[in-house]
Amino acid sequence: MSQPIRYSFGADEHLFAEVSDSMSLEAFFRGMAITRALEKLELEGVLDICLANASFQVRFDPDRIAPQALLEAVKAVEEKAVAERRIQTRIIEVPVLYNDPWTHETLMRFRDRHQDPSATDLEYAARINGLADVEAFIQAHSGAPWFVSMVGFVAGLPFMFQMVERERQLQVPKYLRPRTDTPKLTLGHGGCFGCIYSVRGAGGYQMFGVTPAPIYDPAQSLAYLKEHMVFFRPGDIVQFKPIDRASYDQAVAEVEAGTFDLRIRPVEFSLDAFLADPQGYPKTLQEVLA
Amino acid sequence: MIKVLKPGLATSVQDLGREGYYHLGIPPSGALDQYALSAANCLVGNPAGAAALECTLLGPELEFTVDALVAVSGAHMAARLDGVQMPHDTAFAVCAGQVLRFDFPKIGARTYIAVAGGIDVPLVLGSRSTYALGALGGYQGRRLAAGDELPIGEPSGQGKVGASLPMALRQALGGEIELRVVPGLYYDRLLPTAAKSFFAEPWTVGSEADRIGYRFKGGSALQFQPREQPFGAGSDPSNIVDSCYPIGSIQVPAGLEPIVLHRDAVSGGYAMIGTVISADLDLIGQMQPNQKAHFVEVSLEDALLARQHYKKKLKRMSELFLS
Numbered sequence: 622m623s624q625p626i627r628y629s630f631g632a633d634e635h636l637f638a639e640v641s642d643s644m645s646l647e648a649f650f651r652g653m654a655i656t657r658a659l660e661k662l663e664l665e666g667v668l669d670i671c672l673a674n675a676s677f678q679v680r681f682d683p684d685r686i687a688p689q690a691l692l693e694a695v696k697a698v699e700e701k702a703v704a705e706r707r708i709q710t711r712i713i714e715v716p717v718l719y720n721d722p723w724t725h726e727t728l729m730r731f732r733d734r735h736q737d738p739s740a741t742d743l744e745y746a747a748r749i750n751g752l753a754d755v756e757a758f759i760q761a762h763s764g765a766p767w768f769v770s771m772v773g774f775v776a777g778l779p780f781m782f783q784m785v786e787r788e789r790q791l792q793v794p795k796y797l798r799p800r801t802d803t804p805k806l807t808l809g810h811g812g813c814f815g816c817i818y819s820v821r822g823a824g825g826y827q828m829f830g831v832t833p834a835p836i837y838d839p840a841q842s843l844a845y846l847k848e849h850m851v852f853f854r855p856g857d858i859v860q861f862k863p864i865d866r867a868s869y870d871q872a873v874a875e876v877e878a879g880t881f882d883l884r885i886r887p888v889e890f891s892l893d894a895f896l897a898d899p900q901g902y903p904k905t906l907q908e909v910l911a
Numbered sequence: 022m023i024k025v026l027k028p029g030l031a032t033s034v035q036d037l038g039r040e041g042y043y044h045l046g047i048p049p050s051g052a053l054d055q056y057a058l059s060a061a062n063c064l065v066g067n068p069a070g071a072a073a074l075e076c077t078l079l080g081p082e083l084e085f086t087v088d089a090l091v092a093v094s095g096a097h098m099a100a101r102l103d104g105v106q107m108p109h110d111t112a113f114a115v116c117a118g119q120v121l122r123f124d125f126p127k128i129g130a131r132t133y134i135a136v137a138g139g140i141d142v143p144l145v146l147g148s149r150s151t152y153a154l155g156a157l158g159g160y161q162g163r164r165l166a167a168g169d170e171l172p173i174g175e176p177s178g179q180g181k182v183g184a185s186l187p188m189a190l191r192q193a194l195g196g197e198i199e200l201r202v203v204p205g206l207y208y209d210r211l212l213p214t215a216a217k218s219f220f221a222e223p224w225t226v227g228s229e230a231d232r233i234g235y236r237f238k239g240g241s242a243l244q245f246q247p248r249e250q251p252f253g254a255g256s257d258p259s260n261i262v263d264s265c266y267p268i269g270s271i272q273v274p275a276g277l278e279p280i281v282l283h284r285d286a287v288s289g290g291y292a293m294i295g296t297v298i299s300a301d302l303d304l305i306g307q308m309q310p311n312q313k314a315h316f317v318e319v320s321l322e323d324a325l326l327a328r329q330h331y332k333k334k335l336k337r338m339s340e341l342f343l344s
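Here the protein sequences come in this chain order: A and B.
Residues 622 to 911 (this note's numbering) make up the first sequence, in order.
Residues 22 to 344 (this note's numbering) make up the second sequence, in order.
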């Protein structure tokens, strides 16, 4: 049986719920089931339901719903919401230019804030994860799909958790001191989480590459951003595809022309099928993109 | 229209903020001092939540191309219209061609300039507030710059020159501030000695203080209980698996300096030890670097009572001017 959810009020406008103090797909699925059921209730006075990796938070207006009434409603949902073991979602192929010149320039600029000033972020990540070289690291990074387990930090930034057994999770510490700059659309990694920096700005995650695909755009210029300026949702599945400089440049030209599109396919994910065959099952998801 | 001759240090268009997009990483934004924004609006006959200018520490220089009714509330930076000082918390007339400038703030950090009709930038996700990190809302998604031209909306006609905020409804700014905090979230992860010193010792606002958060310094380091860190939580005892942060929540990276998050908050992986109550968030937005503060422990019930009191004051204000 999973540990009980720990609730705590963030003063008079927030209810915080820690599903688990450690990260796992089980914890994420449980949080997703509860927040989805909570959304359906459309409780008066609930302003925002924020799902995070292994926790969630409800922002509310206490003039319209009493904190205790909200807590009771959430607990009732928790009792009833059996974590869905199967979700209908989408898989998205995200092209990545690993080892690109822009993140390289940036990481060199902030070398004094890094654990290993003599190596690049990729070289460092490969070494501490016991991989032979950068090539092997890129292969591991793009070899299995990732779950979007949270959208946050700044506008539309996805946190991603790779679909592999815990022993194979790529883990790297954040920079010793955060950078004041990160190129837009940088592929980052901190702890066990990958991310895509939706906008240029400060950041502490290791930098591995860039994608040409915008994922946040208030102007909503591209087809896949027409529905919402924020592309990713928790529960999305991401498959990275390494590309070369020529393909990257071409994609950027398409973005500028407004013709760029992402490969997106509907897919069903089964947690039990994954847990039963963590190496084989993700391959069946990848095949949906073929 | 209002022409921006000089933008000031960090001037942006703000209203009361946008709700419902924090789960996509888009925080509420809006005026850090919601009371002062509401006051300036009421004085010129706007709804309390109309879009106005939030000016931080150094005010802008603005040229009006049309006649307008203007009010200035919040931090005391003397407003000078063509050199003549205008009263604070009071509506005054501006004629086309006149220029409004500001002195350095004597007390407080954020001044709100409301103009009858409001700043007429487009609504984005239900609000005109600027969220600069996401280049969203406000005037082109950013702080104002020299040369910007701000459109003014249609005035309600309810504003009157000389309308003034009664003393009982004015804010006390400056001095040593008490910030009421409901402990919780990951509070129990602090060592008891740290939990005690956090509330007992005085803190001062550091230089990193902006719309995202306010960093405090001067108190003792706050030690967390040593533990074996759970998978995915990061290596420092102050780390947690990345989560959402309540607006007003207090985190202490590496146990060194507490940061209180405000309305442009991010999310992240530091344990929160409590949350500043909603009625006191305005006070933070008016704190200058080096100003002193005490954190005061209160219960959730206390927070709700303080909120009722705060809301009553707001209601009296809007009834007074917008009946």
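Where a beta carbon is used, it is the ideal one built from N, C-alpha and C, also for glycine.
What you are looking at is a predicted structure, and each value in this text was computed from that prediction instead of being measured.
Query, Result
"Per-residue burial, A:M622 [other beta carbons within 10 Å of its own, 16 or more giving buried]", "Below a pLDDT of 50, predicted positions are generally treated as unreliable, and A:M622, at 45, falls in that range; no measurement from the model is reported."
"CA-to-CA distance, B:G239 to B:I294, given in whole angstroms", "18 Å"
"Residues of its chain near B:E222, where Cβ-Cβ distance is below 7 Å and the 5 sequence neighbours each way are ignored", "G240 and S241"
"Beta-ladder partner(s) of A:V793, from DSSP", "A:G812"
"Pairwise C-alpha distance: A:A658 and A:D893", "21 Å"
"Selection of the region 625-656 of chain A by Cβ proximity to chain B, strictly under 7 Å", "S629, F630, G631, A632, D633, E634, H635, F637, D642, S643 and M644"
"Short-range partners of chain B found in the region 678-699 of chain A, where Cβ spacing is below 8 Å", "Q678, R680, P683, D684 and P688"
"Beta-carbon spacing of B:H330, B:I305 below 8 Å", "no"
"Start and end residues, beta strand (DSSP E) containing B:E75", "A73 to T77"
"Beta-carbon gap between B:F85 and B:I134 smaller than 8 Å", "no"
"Span separating the alpha-carbon of B:L37 from that of B:E75", "11 Å"
"Environment of B:L243 [buried if 16+ CB atoms lie within 10 Å]", "buried"
"B:W224: CB within 7 Å of a non-hydrogen atom of the ligand FAD", "The ligand FAD is not among the ligands present in this structure, which contains no ligands whatsoever."
"Chain-ordered chain B contacts of A:V775 [CB-CB under 8 Å]", "G46, L154, G155 and V287"
"A:A765 versus A:L910: straight-line alpha-carbon distance, rounded", "13 Å"
"Buried or exposed by the 16-neighbour rule on C-beta atoms within 10 Å, applied to B:N67", "buried"
"C-alpha distance - B:E199 paired with A:T801, whole-angstrom precision", "32 Å"
"Pair within 8 Å by beta-carbon distance, B:C265 and A:C671", "yes"
"Neighbour flag for B:V136 against chain A, beta carbons, 8 Å", "no"
"Closest residue to A:D857 among A:Q841, A:H735 and A:R886 (Cα-Cα distance)", "A:R886"
"For A:M622, the three-state DSSP class (helix, strand or coil)", "Bear in mind that the predicted position of A:M622 carries a pLDDT of just 45, short of 50, making it unreliable; the figure below should be weighed with that in mind. Three-state DSSP puts A:M622 in coil, outside helix and strand."
"Chain-ordered chain B contacts of A:P899 [CB-CB under 9 Å]", "Result: empty, since nearest Cβ-Cβ is about 16 Å, beyond 9 Å."
"Cα-Cα separation, B:K334 to B:L190", "7 Å"
"Option in B:S270, B:L321, B:E278 and B:P187 with minimal Cα separation from B:A215", "B:E278"
"Neighbourhood of B:S339 by C-beta distance below 6 Å, restricted to the same chain and skipping five residues each side", "C63 and A69"
"Length at least 4, wholly inside the region 711-748 of chain A: the alpha helix (DSSP H) runs in chain order", "722-730"
"Reference A:G773; option with closest CA among A:A874, A:G824 and A:A878", "A:G824"
"Residues near A:W767 in its chain [Cβ-Cβ closer than 8 Å; skip 5 each side]", "M781, F782, Q783, M784, G815, I858, V859, Q860 and F861"
"Residue interval of the alpha helix (DSSP H) (run including A:E756)", "V755 to G764"
"With 16 other Cβ atoms within 10 Å as the buried cut-off, status of A:A747", "buried"
"DSSP three-state assignment for A:E908, whether helix, strand or coil", "helix"
"Beta carbon of B:G155 nearer than 8 Å to that of A:V820", "yes"
"Chain-ordered chain B contacts of A:V851 [CB-CB under 9 Å]", "Y42, L45, G46 and I47"
"DSSP-derived helix/strand/coil call for B:N311", "coil"
"Any chain B beta carbon closer than 8 Å to A:L668", "yes"
"Closer than 8 Å to chain A by CB, B:I173", "no"
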